[in-house]
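> Okay, handing you the structure first.
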Amino acid sequence: MIDEKAKKVLQKITDEINSEYGFHEEIPRINYGPCGVFAQIFFKKWNELFKNKVHICFVLTKSKYECDHILIMLPSGELFDGGLGIHTQEEYDSKFLIEEMLEYDESLLEKWSYGLDRTYPRFCPHFDRKFVETVVNYNLDYLSLLNNGA
130 MIDEKAKKVL
140 QKITDEINSE
150 YGFHEEIPRI
160 NYGPCGVFAQ
170 IFFKKWNELF
180 KNKVHICFVL
190 TKSKYECDHI
200 LIMLPSGELF
210 DGGLGIHTQE
220 EYDSKFLIEE
230 MLEYDESLLE
240 KWSYGLDRTY
250 PRFCPHFDRK
260 FVETVVNYNL
270 DYLSLLNNGA
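Structure representation (structure tokens):
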């Protein structure tokens, strides 16, 4: 399990992201497309700051033809994304597979994101990469200070 300090900081990231982008039919808008960009930003910043690394995961249809979601696997084995926050694999229906990207592969992330540098006019029209970078960087820098980079 991730410690309480980290849980609070990660929840703050989730709260700030959801406050900015809101929900569509009870699903966080950040999880409707920009989830790959969020995962990339979070992955790079976390792994820059902490010894215990995270990696990116893809929630794929069983056929592996479509990616439904992209998220982070924390060092504890718990999952994290900008919309739901910390959660477990049980959150996902049995019709999905969670495939871990143990070594960073930008072309694979690009593929399953359906493009990292695009807009999301239908579900997250006001997505702003710089806003997400600011939220993630500020909060993870703060967590690093709390943990002295551990």
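If you count the sequence shown from 1, you need to add 129 to reach the numbering used here.
Glycine included, each C-beta is placed from N, C-alpha and C at the ideal position.
I'd like to check one pair, G212 with N268: are the Cβ atoms closer than 9 Å?
Against a cut-off of 9 Å, the Cβ pair of G212 and N268 comes out as no contact.
> Look at the alpha carbon of V265 and the alpha carbon of F209, and state the distance between them as a whole number of angstroms.
Cα to Cα, the separation comes out at about 13 Å.
> Report the three-state DSSP secondary structure of I131 (helix, strand or coil).
It is coil, neither helix nor strand.
> Apart from the five residues on each side of it in sequence, which residues of its chain come closer than 8 Å, Cβ to Cβ, to H153?
Same-chain partners within the cutoff: Y161, F252.
> First and last residue of the beta strand (DSSP E) that includes T190?
Run containing T190: 184-190, per the beta strand (DSSP E) assignment.
> Can you give me the C-alpha to C-alpha distance between P254 and T248, rounded to a whole angstrom?
Rounded to the nearest angstrom, the two C-alpha atoms are 7 Å apart.
> When DSSP labels each residue in this structure, what does C164 get in the three-state scheme?
Note: C164 maps to helix in three-state DSSP.
> Helix, strand or coil for F152, going by three-state DSSP, please let me know.
Three-state DSSP puts F152 in a strand.
> Hey, how far is the Cα of L178 from the Cα of V166?
Rounded to the nearest angstrom, the two C-alpha atoms are 19 Å apart.
> Just the C-alpha distance for F187 and N277, rounded to the nearest angstrom, thanks.
Each residue's alpha carbon lies about 30 Å from the other.
> L203 and D197 - do their beta-carbons sit closer together than 9 Å?
Going by C-beta atoms, D197 is not nearer than 9 Å to L203.
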